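**Student:**
In the working numbering, the protein residues as written are 64 to 220.
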């Protein structure tokens with residue numbers, strides 16, 4: 064087996080890691096092992112934070128939309144539900160931008176959503192009243208049947 068000399072390969076690897084660690088404080092930018100650990104941690108955090116950034120922005124957009132909705136007398140959840148029913152294809156990023164930069168356009172969207180929510184709520188109240196009346200009628204019918212049954216039992220005794 065022939066001998067392998069790795070001096071220049073090792074040196075290149077160390078230089079590369081120390082280059083990535085440039086700007087780190089203290090020994091983390093000077094000593095290889097400390098620098099290697101710091102670089103690995105930085106890469107791991109940057110990988111995770113690239114994903115976290117997406118969540119943070121979505122949360123920010125939702126907060127902005129919610130504030131604009133409440134200024135127009137509507138909750139965020141009802142606004143989003145109504146927009147889906149109305150077929151509005153604007154995503155949260157665009158809605159948040161419209162809420163900040165074009166308040167009149169957002170107010171128009173909110174007005175459409177509010178009309179749909181009010182209409183749906185009125186229909187729900189009407190159906191609830193009908194269901195309540197049906198329940199009352201069934202209960203009265205059951206009461207009459209129970210009385211008739213008691214009479215027949217009393218007659219047989």
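Glycine included, every Cβ here is placed at the ideal spot set by N, Cα and C. Since this is a predicted model, take the numbers as computed values, not measurements.
Would you call the CB atoms of residue 127 and residue 170 closer than 9 Å?
**Tutor:** Residue 170 is positioned such that its CB atom lies no closer than 9 Å to that of residue 127.
**Student:** Which one of 102, 138, 132 has the shortest CA to CA distance from residue 162?
**Tutor:** Out of 102, 138, 132, the CA that lies nearest to the CA of residue 162 is found in 132.
**Student:** Mind checking residue 102: buried by the 16 CB within 10 Å criterion, or exposed?
**Tutor:** buried
**Student:** Going by Cα to Cα distance, which pick from 116, 115, 91, 114 is closest to residue 104?
**Tutor:** For the residues 116, 115, 91, 114, the minimum Cα distance to residue 104 belongs to 91.
**Student:** By Cβ distance below 6 Å, which residues in the same chain neighbour residue 156 in space, the five residues on each side in sequence not counted?
**Tutor:** 124
**Student:** For residue 145 and residue 185, I'd like the C-alpha separation in whole angstroms.
**Tutor:** 15 Å
**Student:** If we ignore side chains and look at the alpha-carbon of each, how far apart do residue 199 and residue 214 end up?
**Tutor:** 23 Å
**Student:** Do you know offhand how far residue 119's Cα is from residue 203's?
**Tutor:** Spanning the two alpha carbons is a distance of roughly 56 Å.
**Student:** With a threshold of 6 Å on Cβ separation, who are the neighbours of residue 77 within its own chain once the five nearest residues in sequence on each side are excluded?
**Tutor:** Take residue 77, set aside five residues on each side of it, and the residues of its chain with a beta-carbon closer than 6 Å to its own are 95, in chain order.
**Student:** In chain order, what are the residue ranges of uninterrupted beta strand (DSSP E) at least 3 long that sit wholly in the stretch 79-143?
**Tutor:** The qualifying runs do not exist here; there are none.
**Student:** Which term fits residue 173, buried or exposed, when burial requires 16 or more other beta carbons within 10 angstroms of its beta carbon?
**Tutor:** buried
**Student:** Am I right that residue 176 and residue 142 are in contact with their C-beta atoms under 8 Å? What's the rounded C-beta distance?
**Tutor:** 5 Å
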